[in-house]
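Participant: I'd like to ask you about the structure that follows.
Numbering (my numbering), first residue to last: 471 to 998.
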């Protein structure tokens, strides 16, 4: 990828982050759940004892905002936009409850022996809502358009050599890659919504999903009706899905309690604890791998972090148990300075870092940084950023480290990509994605978002090994190798993970996050 292509990709990624993350921040979406076994808490995707029933209208409230849009190219602008896109359109494949890849429109997504080409075949019998039959040309047009239009998904598709695709038949094509790539299937789970070849009006693009739009008013919501021609034998259970735009989290919860909605997304931790014993409300949490990561990022290619002992010392000044108690209010779990916990190939053989200020002092003395003073860039942009930074500053004093807070106004936190990506030391609240995608996005000389600035011949070699891993054995080894490297040399501090929380009436079942807890899927939802 050229530097100009990387620049475009970075702008797109930051635009996406500033859209969806801003929406989730409004209501404090990084929330907790009831204790294990609490009768009011249901894990995302699990049925709660009743058989699916057909019919009815489910009303769901989500975060919207001034940048809501009907444009499918910009589906990630706000949570309510993304939720609507997930049921009006189909993807080639989606993330399953355990982080695996599940086919949706695709029947086959397979690499050749070295990951330089992928064969993609779509299922037969699928029609768009305007009656057109799905074919491989629709998929190729979708990919090409999203790349040309700088869609939210465009950076993920940077290695796809779309100009040299070979069409084999009406449903099949061979897609060459610009360089060996072993994870195109995972890339295609990240919101690549398929629309028909020749589409020009992306605000009214036909979809092939389980619902069609009856009416839609930007800033207010949408009424969706069951697609009678949906390709699945099961089809959606609901007759209607009504999405309501309610920006304030307390207002969404109050609407639920007043009977105005059946499902309220992004409920605050405090509200969740208060309603935990309310038998008129059930709380939904996603699988643990989807829980966001609380922590910080430090630039490994800038002083004083260019000395790995300084970064290692900071990781030992964190009292993670205290972070869980005070930041996640007891509902989180320990982080270990790596992403991907609970996903396949996560390096759980690495020792859990403990709070050890004396060890931190020794490391800083060895690095000639005994009286270290740092400034951490933070903000109230979303919950956990400032809260974690304040506690980190308190804890660091025990090792003789002084940390000052540079508290940036929420509107400025993502405003300048150069500042956000280039920050020397910065609070972070990173949303998880499949492990290989995190590796390709954040590390090495070709990283789209080099937050930690970790780039060396060794790092590049390890990233390339992940990128080109095709077999299960190659994936296991390459991901293990790079995680061990990041544990020792990386600039990520991850001190805790905590869940996203939603609330619903007891009659709501099978709302599934499928990789996105703040904008879940209602394809299998039903009212009991």
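The beta-carbon is built from N, C-alpha and C at its ideal position, and this holds for glycine as well.
Quickly, what does DSSP pair residue 685 with across the bridge? List them, please.
Facilitator: The residue you call residue 685 lines up with position 215 of the chain shown. Residue 685 is bridged to 693.
Participant: The beta strand (DSSP E) with residue 581 in it runs from where to where?
Facilitator: For the purposes of this step, residue 581 is identified with residue 111 of the chain shown, where counting begins at 1. Counting along the chain, the beta strand (DSSP E) containing residue 581 begins and ends at 576 to 581.
Participant: With 16 as the cutoff for other CB atoms within 10 Å, does residue 941 come out buried or exposed?
Facilitator: Residue numbering aside, residue 941 sits at position 471 when the chain shown is read from its first letter. Exposed, since its Cβ has fewer than 16 Cβ neighbours within 10 Å.
Participant: So does the region 979 to 986 actually touch the region 561 to 572, counting three or more Cβ pairs closer than 8 angstroms?
Facilitator: Cβ pair count under 8 angstroms is three or more, so yes.
Participant: By Cβ distance below 7 angstroms, which residues in the same chain neighbour residue 968 in space, the five residues on each side in sequence not counted?
Facilitator: Position 498 of the chain shown, counted from the start, is the residue given in the question as residue 968. Taken in chain order, the residues that qualify are 500, 502, 761, 762, 764, 798, 801, 802.
Participant: Residues bridged to residue 622 by DSSP?
Facilitator: Looking up residue 622 in the chain shown gives position 152. Note: residue 622 sits in no beta bridge, so no partner.
Participant: Short of 7 angstroms in beta carbon distance, which residues of its chain neighbour residue 489, apart from the five on each side in sequence? Order them along the chain.
Facilitator: By 1-based counting over the chain shown, the position of residue 489 is 19. Legend: pLDDT at residue 489 = 44, less than 50; position of this residue unreliable, no value from coordinates given.
Participant: Taking just the CA atoms, how far does residue 553 sit from residue 527?
Facilitator: Locating residue 527 in the chain shown gives position 57, counting from the first residue. Locating residue 553 in the chain shown gives position 83, counting from the first residue. Computed Cα separation, rounded: 16 angstroms.
Participant: At what residues does the alpha helix (DSSP H) containing residue 899 begin and finish?
Facilitator: Translated into positions along the chain shown, residue 899 becomes position 429. Premise fails: residue 899 lies in the beta strand (DSSP E), 895 to 900, not in any alpha helix (DSSP H).
Participant: Under the rule that 16 or more other beta-carbon atoms within 10 Å means buried, what is residue 771, buried or exposed?
Facilitator: On the chain shown, position 301 is the one that residue 771 refers to. Label assigned to residue 771: exposed.
Participant: Could you give the DSSP three-state label for residue 721: helix, strand or coil?
Facilitator: Residue mapping note: residue 721 aligns to position 251 of the chain shown, counting from 1. It is helical.
Participant: Have a look at the DSSP bridge pairing and note the partners of residue 639.
Facilitator: Stepping through the chain shown from its first residue, residue 639 is reached at position 169. Its beta-bridge partners are 642.
Participant: So residue 722 and residue 531 are supposed to be a Cβ contact under 8 angstroms. How far apart are they, rounded?
Facilitator: Here residue 722 is taken as the residue at index 252 of the chain shown, counted from 1. Here residue 531 is taken as the residue at index 61 of the chain shown, counted from 1. Residue 722 to residue 531, Cβ: 4 angstroms. Contact.
Participant: If you measure between the beta carbons of residue 848 and residue 871, is that distance less than 9 angstroms?
Facilitator: For this step, residue 848 is matched to residue 378 along the chain shown. For this step, residue 871 is matched to residue 401 along the chain shown. In this structure, residue 871 does not lie closer than 9 angstroms to residue 848 by Cβ.
Participant: Residues bridged to residue 876 by DSSP?
Facilitator: The residue labelled residue 876 in the question sits at position 406 within the chain shown. In the DSSP output, where bridge partners are listed per residue, residue 876 has 847.
Participant: When you compare each of 728, 671, 558, 835 to residue 992 by their alpha carbons, which one comes out closest?
Facilitator: Numbered from its first residue, the chain shown carries residue 992 at position 522. Comparing Cα positions, the closest option is 558.
Participant: Reducing DSSP to helix, strand and coil, say where residue 551 ends up.
Facilitator: Taking the chain shown and counting its residues from 1, the one referred to as residue 551 is at position 81. Helix.
Participant: When the Cα atoms are used, what is the spatial distance from residue 758 to residue 965?
Facilitator: Counted from its first residue, the chain shown places residue 758 at position 288. Counted from its first residue, the chain shown places residue 965 at position 495. Whole-angstrom Cα-Cα distance: 15 angstroms.
Participant: Around the C-beta of residue 685, are 16 or more other C-beta atoms found within 10 angstroms, so that it is buried, or is it exposed?
Facilitator: Here residue 685 refers to the residue found at position 215 of the chain shown. Counting Cβ neighbours within 10 Å, residue 685 comes out exposed, since fewer than 16 surround it.
Participant: For residue 732 and residue 997, I'd like the C-alpha separation in whole angstroms.
Facilitator: For this step, residue 732 is matched to residue 262 along the chain shown. For this step, residue 997 is matched to residue 527 along the chain shown. The straight-line gap from Cα to Cα measures roughly 9 angstroms.
Participant: Whose CA, out of 979, 995, 972, lies closest to the CA of residue 987?
Facilitator: In the chain shown, residue 987 corresponds to position 517, counting from 1. When only C-alpha atoms are compared, the closest one is 972.
Participant: If you reduce the DSSP assignment to three classes, tell me which class residue 981 lands in.
Facilitator: Here the question's residue 981 lines up with position 511 in the chain shown. Three-state DSSP puts residue 981 in coil, outside helix and strand.
Participant: How big is the Cα-Cα spacing for residue 666 and residue 724?
Facilitator: Here residue 666 refers to the residue found at position 196 when the chain shown is read from its first residue. Here residue 724 refers to the residue found at position 254 when the chain shown is read from its first residue. Straight-line Cα distance between these residues: approximately 40 angstroms.
Participant: So within the region 748 to 828, which uninterrupted alpha helix (DSSP H) runs reach at least 4 residues, ignoring any that extend past its ends?
Facilitator: Here the runs fully enclosed are 778 to 786, 790 to 796.
Participant: Short check: CB of residue 868 to CB of residue 787, under 9 angstroms?
Facilitator: Here residue 868 is taken as the residue at index 398 of the chain shown, counted from 1. Here residue 787 is taken as the residue at index 317 of the chain shown, counted from 1. A contact, by the Cβ cut-off of 9 angstroms.
Participant: Report the rounded CA-to-CA distance for residue 896 versus residue 780, giving the unit in angstroms.
Facilitator: Numbered from its first residue, the chain shown carries residue 896 at position 426. Numbered from its first residue, the chain shown carries residue 780 at position 310. Cα-Cα distance, rounded: 15 angstroms.
Participant: Identify whether residue 648 lies in helix, strand or coil by the three-state DSSP scheme.
Facilitator: Residue mapping note: residue 648 aligns to position 178 of the chain shown, counting from 1. In the structure shown, residue 648 sits in coil (DSSP, three-state: anything other than H, G, I, E or B).
Participant: Just curious, the beta strand (DSSP E) that residue 967 is in, first and last residue?
Facilitator: In the chain shown, counting from the first residue as 1, residue 967 sits at position 497. Note, residue 967: beta strand (DSSP E), 962 to 967.
Participant: Which one or two residues does DSSP pair with residue 617 in a beta bridge?
Facilitator: Taking the first residue of the chain shown as 1, we reach residue 617 at position 147. Partner(s): none; residue 617 has no beta bridge.
Participant: Going by Cα to Cα distance, which pick from 649, 670, 627 is closest to residue 659?
Facilitator: Translated into positions along the chain shown, residue 659 becomes position 189. The shortest C-alpha separation from residue 659 is found at 627.
Participant: In chain order, what residues of the same chain have a beta carbon less than 7 angstroms from the beta carbon of residue 617, not counting five sequence neighbours either side?
Facilitator: Start at 1 with the first residue of the chain shown, and residue 617 comes out as number 147. Correct list, in chain order: 624, 627, 632.
Participant: Of all the options 962, 595, 544, which has the alpha carbon lying nearest to the alpha carbon of residue 783?
Facilitator: Counting from 1 along the chain shown, the entry for residue 783 is found at position 313. Per the Cα distances, 962.
Participant: Assuming contact is defined by CB atoms lying nearer than 9 angstroms, are residue 664 and residue 560 in contact in what I supplied?
Facilitator: Mapped onto the chain shown, residue 664 falls at position 194. Mapped onto the chain shown, residue 560 falls at position 90. For residue 664 and residue 560, yes; Cβs fall inside 9 angstroms.
Participant: Can you say whether residue 691 is buried or exposed, counting buried as having 16 or more other CB atoms within 10 angstroms of its CB?
Facilitator: Taking the first residue of the chain shown as position 1, residue 691 is located at position 221. Label assigned to residue 691: buried.
Participant: Label residue 979 either buried or exposed according to how many other C-beta atoms from any shown protein chain fall within 10 Å of its C-beta, with 16 as the threshold for buried.
Facilitator: Mapped onto the chain shown, residue 979 falls at position 509. By the 10 Å Cβ count, residue 979 comes out buried.
Participant: If contacts are defined as beta-carbon pairs under 8 angstroms, then residue 680 and residue 697 qualify, I think. What distance do you get, rounded to the angstrom?
Facilitator: Taking the first residue of the chain shown as position 1, residue 680 is located at position 210. Taking the first residue of the chain shown as position 1, residue 697 is located at position 227. With a Cβ gap of about 5 angstroms, residue 680 and residue 697 count as contacting.
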